[in-house]
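A.B. asks: Mind having a look at this structure? Questions to follow.
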Amino acid sequence: MTIRLPDTQGGLRAYEPRAEPLAVTAGTPFTSRTVFSAAHVVADPFADTTPDGPAAVDWEATLAFRRHLWSHGLGVAEAMDTAQRGMGLDWAGAAELIRRSAAEARAVGGRIACGAGTDQLAAGTPAEVRAAYEEQLAVVEESGAQAILMASRALCAAASGPDDYLEVYGHLLRQAAEPVVLHWLGPMFDPALEGYWGTSDLDAATEVFLEVVAAHPDKVDGVKVSLLDAGREVALRRRLPDGVRCYTGDDFHYPELIAGDERGFSHALLGVFDPLGPLAAQAVRVLDTGDVTGFRALLDPTVALSRHLFRAPTRFYKTGVVLLAWLAGHQTHFTMVGGLQSARSLPHLARAYELADGLGLFPDPKLAEHRMKNLLSLHGVDQ
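Residue numbers (this note's numbering): 220 to 602.
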């Protein structure tokens, strides 16, 4: 049996789907790495909404997907860019997501960290940005979750230079109840963050970032770096104070960064671990035994899919992530908050299906094939 998939040249090609999924099993907690999956939200497909209106979330399906990740030993990084923060999910929706997911984490014993940003504020002074951060940090801490201080569009727009970043972040770290994760999200993920840390010179920005960490090492659990530059991440992690983790957010080079070298390694907080969850968890358990070769053998083949999902414009990677969740049976539809299911082309989605199927990511390959054929038929591709 084959399925006809559209290519980028306007033609169709035959693809023979995989018959059996990759065999993965749940196991013991990880011992060598701390690993989070940034999780997507499931939209309510029956809600009468518009792309610029408040998000309508299917809460049960959204929480069920988090239970799926926890069942494989992964932590959940909640209310991050993968959950469409600033791209369909506003602060009111994110706050409810944080409260619901944190309660679910307590109920099942899952690890959770949640994003605190400033997206309730369109623009403002550095002092107003700081107040917006404080409001969100309070919600995260009151929920019982670990906080991730996300990059702020409003701060990027308001700051006159590095000193504004040092002041805002210093204030937040001094008042944080528990150590937080600092998130440096590059402009490839969000163009509004160009020049973060007060400069577009990445070497100079790195110095500002490290100055923030060095001033408050007891309040920084780790840093999440999402610049898609493996060499820069390695150089940065080697300069972190003792006890401060580096969480890779590099969806292009994660196997080598997690495996590490003779001078250290990165932990992980990755959007691509949403669709890769069970396989990624199995790979980390192999790494826990000291088998770097076996770890790379499992994870290296997934990079082609990740690079495809995160190709430019990178910020639209969420569309492929949700497509794969639907094809894998984690939700009943391919609808996204903000109407973002339309953000990628049909050939792009077809290639994502093909790469994911080749890896054996779909628990029921026949269901995935059936759903992909329905999507293709909707777009005029008869089988």
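C-beta atoms are modelled at their ideal positions from N, C-alpha and C, and glycine is treated no differently.
Tell me which residues share the same chain as E360 and place their Cβ nearer than 6 Å to its Cβ, disregarding the 5 neighbours each side in the sequence.
C.D. replies: So the qualifying residues of the chain are A396.
A.B. asks: Please determine if the stretch 494-510 and the stretch 286-295 are in contact, where contact requires at least 3 C-beta pairs separated by less than 8 Å.
C.D. replies: Yes, the stretch 494-510 touches the stretch 286-295.
A.B. asks: Can you have a look at L316 and say buried or exposed, based on whether 16 or more other CB atoms are within 10 angstroms of its CB?
C.D. replies: That one is buried.
A.B. asks: Give a yes or no on whether the C-beta atoms belonging to V399 and A373 are separated by under 7 Å.
C.D. replies: Contact: no.
A.B. asks: Given a cut-off of 7 Å, decide if C465 and L412 are closer than it, judged by their beta-carbon atoms.
C.D. replies: Taking 7 Å as the Cβ cut-off, L412 and C465 do not qualify as a contacting pair.
A.B. asks: Please report the distance separating the alpha-carbon of D583 from that of E279.
C.D. replies: Going from the Cα of D583 to the Cα of E279 covers about 21 Å.
A.B. asks: Report back the beta-carbon spacing between L580 and L543 to the nearest angstrom; my notes put them in contact at under 8 Å.
C.D. replies: So it is a contact: roughly 7 Å between Cβ atoms.
A.B. asks: Take every Cβ of the stretch 472-484, pair it with every Cβ of the stretch 508-517, and state whether three or more of those distances are shorter than 8 Å.
C.D. replies: Yes: at least three Cβ pairs fall under 8 Å.
A.B. asks: Report the rounded CA-to-CA distance for F535 versus F529, giving the unit in angstroms.
C.D. replies: If you take the alpha carbons of F535 and F529, they lie about 7 Å apart.
A.B. asks: Is the separation between the beta-carbon of E588 and that of I222 shorter than 7 Å?
C.D. replies: Cβ atoms of E588 and I222: closer than 7 Å.
A.B. asks: Could you tell me which of A357, E235, S445 sits nearest to P533, measuring between CA atoms?
C.D. replies: The question names Pro, but residue 533 in the sequence shown is Thr. When each option's Cα is compared against that of T533, the closest is S445.
A.B. asks: So V261 is in the beta strand (DSSP E); what residue range does that whole segment cover?
C.D. replies: Here V261 belongs to no beta strand (DSSP E), and DSSP marks it neither H nor E.
A.B. asks: With a threshold of 7 Å on Cβ separation, who are the neighbours of V505 within its own chain once the five nearest residues in sequence on each side are excluded?
C.D. replies: Within the same chain, V505 has close Cβ partners G513, F514, L517.
A.B. asks: Is L495 close to chain B, meaning its C-beta is less than 7 Å from at least one C-beta of that chain?
C.D. replies: You won't find chain B in this structure, because it holds only one protein chain.
A.B. asks: By alpha-carbon positions, which one of A377, D437, R451 ends up nearest to W403?
C.D. replies: The shortest Cα separation from W403 among A377, D437, R451 belongs to R451.
A.B. asks: Would you be able to state if there are at least three C-beta pairs under 8 Å between the stretch 258-268 and the stretch 519-527?
C.D. replies: The stretch 519-527 is not in contact with the stretch 258-268.
A.B. asks: Is it the case that the Cβ atoms of A366 and A335 are separated by a distance below 7 Å?
C.D. replies: In this structure, A335 lies closer than 7 Å to A366 by Cβ.
A.B. asks: So who's on the other strand from H402, going by DSSP bridges?
C.D. replies: DSSP lists K443 as partners of H402.
A.B. asks: So T467 is in the beta strand (DSSP E); what residue range does that whole segment cover?
C.D. replies: Element bounds for T467: 464-467.
A.B. asks: Measuring CA to CA, which of P345, R570, T281 is closest to A321?
C.D. replies: For A321, the nearest C-alpha among the options comes from T281.
A.B. asks: For the stretch 416-423 and the stretch 377-395, state whether three or more C-beta atom pairs, one from each stretch, are separated by less than 8 Å.
C.D. replies: Result yes; three or more Cβ-Cβ pairs closer than 8 Å.
A.B. asks: I think L447 touches F471, with their Cβ atoms under 8 Å apart; what is that distance to the nearest whole Å?
C.D. replies: Right, the Cβ-Cβ distance comes to about 5 Å (below 8 Å), so this counts as a contact.
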